[in-house]
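Trainee:
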């Protein structure tokens with residue numbers, strides 16, 4: 001049973017896809033500038049070479065030639081920016097987690113492109129008897145050292161022989177929903193200390 005899912009919003013998905021498109025565009029441009037892979041679409045000097053593109057013999061010769069430092073040119077620059085934009089795009093648009101009740105445990109499943117890439121046990125629920133939501137107001141320090149009141153955060157705890165905080169929310173409704181779903185899955189009572 002899914003207790004909580006960090007859903008990917010349309011804005012996050014849009015930025016993720018945009019970053020990935022930019023990453024592949026940068027890679028394509030720099031590959032064309034370095035190896036004339038795209039028939040000189042981005043490098044006009046390649047259009048005058050009397051070879052069919054992509055010319056695999058030319059590419060093998062360039063890659064095997066020890067005196068040519070391929071990554072010092074446009075391809076090196078492109079590879080760095082491709083890596084930055086592809087990691088950012090993957091994180092923004094395709095990386096999310098789920099809290100799942102599974103075989104008496106609360107488990108975090110991390111998904112990348114819809115495939116589960118990591119599973120972590122957050123708590124073995126047999127050790128606890130109650131679920132509680134508390135409110136805490138954070139404080140920040142102002143310009144001259146004054147304490148300024150920050151946002152309220154709502155913490156979900158599992159209560160038992162030892163207390164364990166398992167999640168934090170900025171809205172009470174989200175914390176309450178999480179606690180109620182966990183309570184219905186486990187049968188443990190749900191207590192809210194928020195007025």
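Numbering (this note's numbering), first residue to last: 1 to 195. The C-beta atom is built at its ideal place from N, Cα and C for all residues, glycine as well.
#1: Going by alpha carbons, who is nearest to residue 186 out of 156, 169, 163 and 102?
#2: Tell me the DSSP secondary structure of residue 165 in three-state form.
#3: Measuring straight from C-alpha to C-alpha, what distance separates residue 122 and residue 169?
#4: Got a sec, what are the start and stop residues for the beta strand (DSSP E) residue 4 sits in?
#5: Can you give me the start and stop residues for the beta strand (DSSP E) that residue 117 sits inside?
#6: At a cut of 8 Å, does the segment 21–35 reach the segment 105–115 through at least three beta carbon pairs?
#7: Classify residue 67 as buried or exposed, calling it buried when 16 or more other Cβ atoms lie within 10 Å of its own Cβ.
#8: Nearest CA to the CA of residue 113: which residue from 4, 97 and 104?
#9: Since residue 105 is in the beta strand (DSSP E), which residue starts that stretch and which ends it?
#10: Buried or exposed: where does residue 189 fall if 16 or more other Cβ atoms within 10 Å of its Cβ makes it buried?
#11: Quick one: residues in its chain with C-beta nearer than 8 Å to the C-beta of residue 20, no 5 flanking neighbours on either side, listed in chain order?
#12: So if DSSP puts residue 160 in a beta bridge, which residue, or which two residues, is it bridged to?
#13: With burial defined as no fewer than 16 other Cβ atoms inside 10 Å of the residue's Cβ, what is the status of residue 161: buried or exposed?
#14: Given residue 172, which residues of its chain have a CB within under 7 Å of its CB, disregarding the five upstream and five downstream residues?
Mentor: Result, derived from the coordinates:
#1: It is 102 whose Cα lies nearest to the Cα of residue 186.
#2: Of the three classes helix, strand and coil, the one that applies to residue 165 here is strand, per DSSP.
#3: Approximately 16 Å, taken between the alpha carbons.
#4: For residue 4, the enclosing beta strand (DSSP E) has its first and last residue at 2–5.
#5: First-last of the beta strand (DSSP E) with residue 117: 115–124.
#6: Fewer than three Cβ pairs drawn from the segment 21–35 and the segment 105–115 lie within less than 8 Å of each other, which leaves the two stretches out of contact.
#7: With a pLDDT of only 48 at residue 67, under the threshold of 50, the placement of this residue in the model should not be trusted; the figure read from the coordinates follows. With fewer than 16 other Cβ atoms within 10 Å, it is exposed.
#8: When only C-alpha atoms are compared, the closest one is 97.
#9: Annotation for residue 105: the continuous beta strand (DSSP E) segment containing it runs 105–112.
#10: Classification of residue 189: exposed, given that the 10 Å Cβ count is below 16.
#11: Annotation for residue 20: 85, 86, 89, 90 and 93 place their beta carbon closer than 8 Å to its own, counting only its chain and skipping 5 residues before and after.
#12: Per the DSSP secondary-structure output, residue 160 pairs in a beta bridge with 128.
#13: It is exposed - the Cβ of residue 161 has fewer than 16 other Cβ atoms within 10 Å.
#14: Apart from the 5 residues on each side of it in sequence, residue 172 sits with its Cβ closer than 7 Å to the Cβ of 154 and 194 in its chain, given in chain order.
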